[in-house]
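Undergrad:
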Amino acid sequence: MGKIEVMSENLANKIAAGEVVERCMNVVKELVENSIDAKSSEIKINLVDSGVKEITVIDDGIGMDREDAVLAFSRHATSKIKSLEDLFYVDSLGFRGEALPSIAAVSLVELKTCNGSVGTTVIIDGGEIKETKSSDLKKGTRITVKNLFYNTPVRLKYLRNLYTELANICEYVNKMALSFPSIRFILTNNGKVLLNTDGSGNLLKVIGNVYGMDITKKMIPIECSNDDYEINGYISYPECARSSKSNINILVNGRVIKNTEINRIILDAYYMHIPDGKIPIVVLNINVDPILIDVNVHPTKMDIKFSKMDTLKELLLSSIKDKLDTTNLMPSVGTYYKVDEETVIDNNNYSFETLSLDDKEEINDNENMIETDKENNISVNNSINDIKEEYHHSIENEDDNRIKKMYPIGAIDATYIVAQNEDGMYLIDQHAADERINYEYYLERLSNHDNKTIDLLVPIKIEMTNKEFIILKEHFDLLLDMGFVIEEFGINTIVIRSHPYWLPANKAEDCIKKIIDIIISSEDFDSKKFIDRVAAGVACKASVRAHEVISISDMESLLEKLRYTKNPFNCAHGRPTIISYSNYELAKMFKRIKD
Ligand code: ZN
Ligand code: ZN
422 MGKIEVMSEN
432 LANKIAAGEV
442 VERCMNVVKE
452 LVENSIDAKS
462 SEIKINLVDS
472 GVKEITVIDD
482 GIGMDREDAV
492 LAFSRHATSK
502 IKSLEDLFYV
512 DSLGFRGEAL
522 PSIAAVSLVE
532 LKTCNGSVGT
542 TVIIDGGEIK
552 ETKSSDLKKG
562 TRITVKNLFY
572 NTPVRLKYLR
582 NLYTELANIC
592 EYVNKMALSF
602 PSIRFILTNN
612 GKVLLNTDGS
622 GNLLKVIGNV
632 YGMDITKKMI
642 PIECSNDDYE
652 INGYISYPEC
662 ARSSKSNINI
672 LVNGRVIKNT
682 EINRIILDAY
692 YMHIPDGKIP
702 IVVLNINVDP
712 ILIDVNVHPT
722 KMDIKFSKMD
732 TLKELLLSSI
742 KDKLDTTNLM
752 PSVGTYYKVD
762 EETVIDNNNY
772 SFETLSLDDK
782 EEINDNENMI
792 ETDKENNISV
802 NNSINDIKEE
812 YHHSIENEDD
822 NRIKKMYPIG
832 AIDATYIVAQ
842 NEDGMYLIDQ
852 HAADERINYE
862 YYLERLSNHD
872 NKTIDLLVPI
882 KIEMTNKEFI
892 ILKEHFDLLL
902 DMGFVIEEFG
912 INTIVIRSHP
922 YWLPANKAED
932 CIKKIIDIII
942 SSEDFDSKKF
952 IDRVAAGVAC
962 KASVRAHEVI
972 SISDMESLLE
982 KLRYTKNPFN
992 CAHGRPTIIS
1002 YSNYELAKMF
1012 KRIKD
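Put into structure tokens, the structure is as follows:
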């Protein structure tokens, strides 16, 4: 028999490296999680060429003594975690040290660390310790990983796209910064700062650092709980929705996780508020007894299952919907505040009356402008905390209808109504606004099974393809339920003899065709979503169109009705109905005040 080859530890590490370390992001993740476990309050990540050339992670944590520093690079030197569920119990990210030998096997590593008394430097090349000496480092740990995969050229090939490597690292570090607002994160690539949080523990500030300060004004705080779950965090205005799924940040007991079901619930809550395919910005921390979760850890992601998903779903869905239904979501043209971490110009504190530019002399120079700001209490120094306070405040003081009365002046391109009131100017998309009004009306009729019908003098005949006809026939009951009286009429043709009274008489045929179209293209008919789609479809057909000239008094009644809708800010497809230009923003645009 042949002899048994014992794999060298170094070779084993190289093989393992292929599993644990695939991308630069995995190295960053490993080093950053070690730094977090070391109770650091500041973690700096410096990359050269997206990390392919060099990754340095510097922390101010507890550091290691010499023995640990050397041991850190042997396989399974430290493994504190017995089961995956432990991750959510113990005060550790759990993999401390697991991947260090793998990283060291495929790169050149320099480790400097100090536990407060002894400073140590360890240099490892391709997994072999080359040197151990004293270090002048006074506190924390500094690890530099150079030339990743230099000795495994096949792997190196996968790293060629610097943009992808960097994008992955950014996404990871952003999520960590959002998970640990009390830790300061600084990320640089080739000296350029990509993220710089302040470690003050203010989550809204971190959201501002990650997504831009403008966003912080458009984040709605959420706090809710039931017997099993406690949720807190922020959700964005629908207008902030973007294309990437990575905008949904879910933490469970402070750990970043991925869960497609939760993503779906959040999108459901935003249904009708944002266009299809758009993703809101969400940062939510879910606190739960670890007994209720089942963890499946992957080197690159953390996927968990909740054993009481239904109560979590109910809680999430109702709290997000509730917030979206009770918050003033009107998009505004201006930026509300400076793009500056500390200073914020707050639009809400501004009142045109107190400024009363018309009564004063024109303000010509900058000095005067600043004076005016002060005199009139435009707060330029509101901290993010204050904004948070105001949010609660403004939500509490919400009227039943959330828009003040607006007075139409005319319409641009027979599409956008121009209106004004004491707060400023508004542009209203006449089709989107009318569609919103009609959508809510039809939704109510449909949900209440309001089936009074109107008999048609001339029945409406609708022809379709054989396939469409077969699908429709299968769902005739849906049309009967709504109050239609239909008959088959020859080949692949139906005749409508009566329709529900609430369909607009002059657009009945268009509306019916739309309903049929929705039925034919639908996959599920049980859910509320089907009714929603029908209401939205009919509303679109029944509403005043773009480029359709309407009178000022029609505009007046349109704007009045819009004020009394449940959600005046979006059409049924998630497009905005109204954009505001506050007096403050107008004054800024005309340089009457300094921005
Ligand atoms: Zn429409
Ligand atoms: Zn629409």
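Its first residue numbered 422, the sequence shown is counted upward by one per residue in the numbering used here. Glycine included, each C-beta is placed from N, C-alpha and C at the ideal position.
For residue 951 and residue 914, I'd like the C-alpha separation in whole angstroms.
TA: Going from the Cα of residue 951 to the Cα of residue 914 covers about 24 Å.
Undergrad: Please report the residue range of the alpha helix (DSSP H) in which residue 746 lies.
TA: Here the alpha helix (DSSP H) through residue 746 covers 730–747.
Undergrad: Under 8 Å, do residue 838 and residue 976 count as touching if we go by C-beta distance?
TA: It is a contact, given that the beta carbons lie within the stated cut-off.
Undergrad: List the residues that DSSP assigns as beta-bridge partners of residue 529.
TA: DSSP lists 546, 567 as partners of residue 529.
Undergrad: For residue 537, I'd like the list of residues in its chain whose CB is within less than 6 Å of its CB, leaving aside the five on either flank, ordered along the chain.
TA: Cβ neighbours of residue 537 beyond the five flanking positions: none.
Undergrad: Give the C-beta separation of residue 675 and residue 600 to the nearest angstrom, bearing in mind that I take them to be a contact with Cβ-Cβ under 8 Å.
TA: Sure, about 6 Å apart at Cβ, within 8 Å.
Undergrad: Which residues have their C-beta within less than 6 Å of a heavy atom of ligand 2, listed in chain order?
TA: After applying the 6 Å Cβ criterion, the set is 853, 856, 961, 992, 993, 994, 996.
Undergrad: Considering only residues of the same chain and omitting the five flanking positions on each side of residue 818, which have a CB-CB separation below 6 Å?
TA: At residue 818, the pLDDT of 42 sits below 50, so the modelled position is not reliable; the number obtained from the coordinates is stated separately. Excluding residues within five positions, none has a Cβ falling inside 6 Å.
Undergrad: Going residue by residue through the stretch 650–716, where are the continuous alpha helix (DSSP H) segments of at least 4 residues, counting only ones entirely within it?
TA: Within the stretch 650–716, the complete alpha helix (DSSP H) runs of at least 4 residues are 681–690.
Undergrad: Answer with yes or no whether the minimum CB distance from residue 876 to chain D is below 8 Å.
TA: Of the protein chains in this structure there is only one, and it is not chain D.
Undergrad: Which residues in the same chain as residue 482 place their Cβ atom closer than 7 Å to its Cβ, once the five residues preceding and following it in sequence are excluded?
TA: For residue 482, where only same-chain residues beyond five positions count, the Cβ hits under 7 Å are 456, 459, 460, 461, 561, 562.
Undergrad: According to DSSP, is residue 815 part of a helix, a strand, or is it coil?
TA: Note that residue 815 scores a pLDDT of 40, beneath 50, so its modelled location is shaky; the value from the coordinates is reported in the next line. Residue 815: helix per DSSP, three-state reduction.
Undergrad: Skipping 5 residues on each side, what residues in its chain have a beta carbon closer than 7 Å to that of residue 777?
TA: For residue 777, the pLDDT reaches just 30, beneath the cut-off of 50, and the residue's location in the model is therefore unreliable, although a value from the coordinates is still provided. No residues qualify anywhere along the chain.
Undergrad: Tell me which same chain residues have a C-beta within less than 6 Å of the C-beta of residue 541, skipping the five on either side of it?
TA: Answer for residue 541: 487, 490, 534, 556, listed in chain order.
Undergrad: Going by CA-CA distance only, name the one from 1009, 710, 897, 748 that's closest to residue 845.
TA: When each option's Cα is compared against that of residue 845, the closest is 1009.
Undergrad: I believe residue 686 touches residue 738 by the beta-carbon criterion, under 8 Å. Please report the beta-carbon distance rounded to the nearest angstrom.
TA: Contact flag correct, Cβ pair sits at about 6 Å.
Undergrad: So who's on the other strand from residue 969, going by DSSP bridges?
TA: Per DSSP, none; premise fails for residue 969.
Undergrad: With 16 other CB atoms within 10 Å as the buried threshold, where does residue 757 fall?
TA: In this prediction, residue 757 scores a pLDDT of 34, lower than 50, which makes its location untrustworthy; the coordinate-derived value is nonetheless stated afterwards. Flag for residue 757 reads buried.
Undergrad: When burial is assigned at 16 or more other CB atoms within 10 Å of the CB, is residue 830 buried or exposed?
TA: Classification for residue 830: exposed.
Undergrad: Going by DSSP, which residues form a beta bridge with residue 640?
TA: Beta-bridge pairing links residue 640 to 657.
Undergrad: Are there 16 or more other CB atoms within 10 angstroms of the CB of residue 575, so buried, or fewer, so exposed?
TA: Residue 575 is exposed by the Cβ-count criterion.
Undergrad: According to DSSP, is residue 449 part of a helix, a strand, or is it coil?
TA: The answer is helix: DSSP assigns residue 449 an H, G or I state.
Undergrad: Which residue from 442, 994, 484 puts its Cα closest to that of residue 472?
TA: Of the candidates 442, 994, 484, the one whose C-alpha sits nearest the C-alpha of residue 472 is 442.
Undergrad: Just checking, does the stretch 650–663 make contact with the stretch 699–716 on the three C-beta pairs under 8 Å criterion?
TA: Yes, the stretch 650–663 touches the stretch 699–716.
Undergrad: What span of residues does the alpha helix (DSSP H) with residue 963 cover, start to end?
TA: It spans 949–963 - the alpha helix (DSSP H) in which residue 963 sits, taken as one unbroken run.
Undergrad: Is it right to say residue 1047 is buried, meaning 16 or more other beta carbons lie within 10 angstroms of its own, or is it exposed?
TA: This structure does not reach residue 1047, given that the chain is present from 422 up to 1016, and the question cannot be answered.
Undergrad: Is the stretch 607–625 touching the stretch 682–699, taking contact as three or more C-beta pairs under 8 Å?
TA: Contact fails: fewer than three Cβ-Cβ distances are below 8 Å.
Undergrad: In terms of residue numbering, what span does the beta strand (DSSP E) encompassing residue 990 cover?
TA: Looking at the DSSP string, residue 990 is not in any beta strand (DSSP E), and its letter there is neither H nor E.
Undergrad: When the Cα atoms are used, what is the spatial distance from residue 1013 to residue 728?
TA: Distance between the alpha carbons of residue 1013 and residue 728 is about 58 Å.
Undergrad: Among the residues of its own chain, which have a CB less than 6 Å from the CB of residue 477, if the five just before and after it don't count?
TA: Cβ neighbours of residue 477 beyond the five flanking positions: 467, 565.
Undergrad: With a CB to CB cut of under 6 Å and the five nearest residues on each side skipped, what residues in its chain are close to residue 452?
TA: Taken in chain order, the residues that qualify are 478, 564.
Undergrad: So, are the CB atoms of residue 871 and residue 923 less than 8 Å apart?
TA: Yes, the Cβ-Cβ distance between residue 871 and residue 923 is below 8 Å.
Undergrad: In three-state terms, what does DSSP make of residue 483?
TA: Looking at residue 483 - three-state DSSP - the assignment turns out to be coil, as it is neither helix nor strand.
Undergrad: If you drop the 5 nearest sequence neighbours on each side, which residues of the same chain put their C-beta closer than 6 Å to that of residue 772?
TA: Its pLDDT being 30, under 50, residue 772 is placed unreliably by the model, and nothing is read from it.
Undergrad: Taking 6 Å as the limit between beta carbons, can you name the residues of its chain near residue 996, skipping five residues before and five after?
TA: For residue 996, where only same-chain residues beyond five positions count, the Cβ hits under 6 Å are 853.
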